[in-house]
Every structure is written in structure tokens, then in C-alpha cells.
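*Asks:* Okay, here's the structure, questions in a sec.
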Amino acid sequence: MTQCLFCEIAAGKIPSKKVDETNSLFSFRDIHPQAPVHILIIPKKHISKLSELTAGDVQLMGEITAFANQIASIQKLTDYRLVVNNGAEAGQTVFHLHVHLLAGRKMNWPPG
Ligand code: AMP
Ligand code: ZN
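With the sequence shown counted from 1, adding 24 to any position gets you the working numbering.
The structure is reproduced here in C-alpha cells:
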């Protein structure tokens, strides 16, 4: 596989502001935060985007959601937004599955 930025971050080969990790997941601060709290949650295993998930990844997505809730709880966040951009037109720029956890300001809906 060609080099992947988020694989390198999860492996600690490229520095990041780590928030937390589990055996299968890694979380870190977004380098260009769009809200006072902007954390990215990624699987350590390379999956290019949400639509590439297979039936075998159902548990992984459950873990990601539980991990996001746990991070929010530790950070005493009650209100937050989880976002996944799937594909370039949806705004995906890094092709390693990631969930954005955004909080700390009033969120607009619908997003731009
Ligand atoms: P997306 O546009 O959904 O693919 O989100 C990719 C996110 O990764 C963007 O919000 C970027 O600011 C963020 N990002 C890119 N490079 C880094 C990096 N080296 N460390 C932390 N966040 C990054
Ligand atoms: Zn990757």
C-alpha cells in the first residue's frame, strides 16, 4: 500500500496531539480545528472510507462510536457532533476512515 498519513500517525511515525487509544483505535487533535474541540478518531487498520466497510467491520464501527462517547465523557462534553465525510465530493481529503468529533460551539444545521 502507498504511504497513508493516518496510518503513520496511528503508528506514531508522524507526530500528532494524541487524545487516547485502544487496541484498535487512535484519536488525536485535528491540525486545523473547526471548533474549540475537534478530535479525529481512526481505526489503526487501514480502511480508505466509510463505504469500504464490510460486514466484518460492524463491530469496529460500534467501537468507534463507543470510543467517541467515552472521549466526550472524559472531556465533559454533553453536546457534540460526529461527522464522517465519505468521498471527495463530501469533503473527504484524507483517505483513511476517520470520524470527526466536534464540540464547544453552537453548530449550524444543515452544514455548508
Ligand atoms: P476530511 O476532510 O474529512 O478528510 O478530514 C481530514 C482532516 O484531517 C482535516 O480536518 C484536516 O485538518 C486533518 N488533518 C490533515 N492532516 C493532519 C495531521 N497531520 N494531523 C492532524 N489532523 C490532520
Ligand atoms: Zn491508512
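Idealized CB from N, CA, C, for every residue including glycine.
CA-CA distance, ILE65 and GLU32?
*Replies:* Roughly 14 Å between the two C-alpha positions.
*Asks:* Is HIS120 near the ligand ZN, going by C-beta to nearest heavy atom under 6 Å?
*Replies:* It does: the Cβ of HIS120 is within 6 Å (strictly closer) of some heavy atom of the ligand ZN.
*Asks:* Is THR78 a contact residue of the ligand AMP, with contact defined as CB to any heavy atom under 6 Å?
*Replies:* False, no ligand heavy atom lies under 6 Å from that Cβ.
*Asks:* With a cut-off of 8 Å on the beta carbons, I'd call VAL43 and ILE71 a contact; round off their distance for me.
*Replies:* That pair is no contact at about 20 Å.
*Asks:* Within 10 Å of its beta-carbon, does SER75 have 16 or more other beta-carbons around it, so buried, or fewer, so exposed?
*Replies:* Exposed, because fewer than 16 other Cβ atoms sit within 10 Å of the Cβ of SER75.
*Asks:* Taking the straight line between their C-alpha atoms, what separation do you get for VAL107 and PRO135?
*Replies:* Roughly 10 Å separates the two Cα atoms.
*Asks:* In chain order, what residues of the same chain have a beta carbon less than 6 Å from the beta carbon of VAL61, not counting five sequence neighbours either side?
*Replies:* So the qualifying residues of the chain are ALA127, GLY128.
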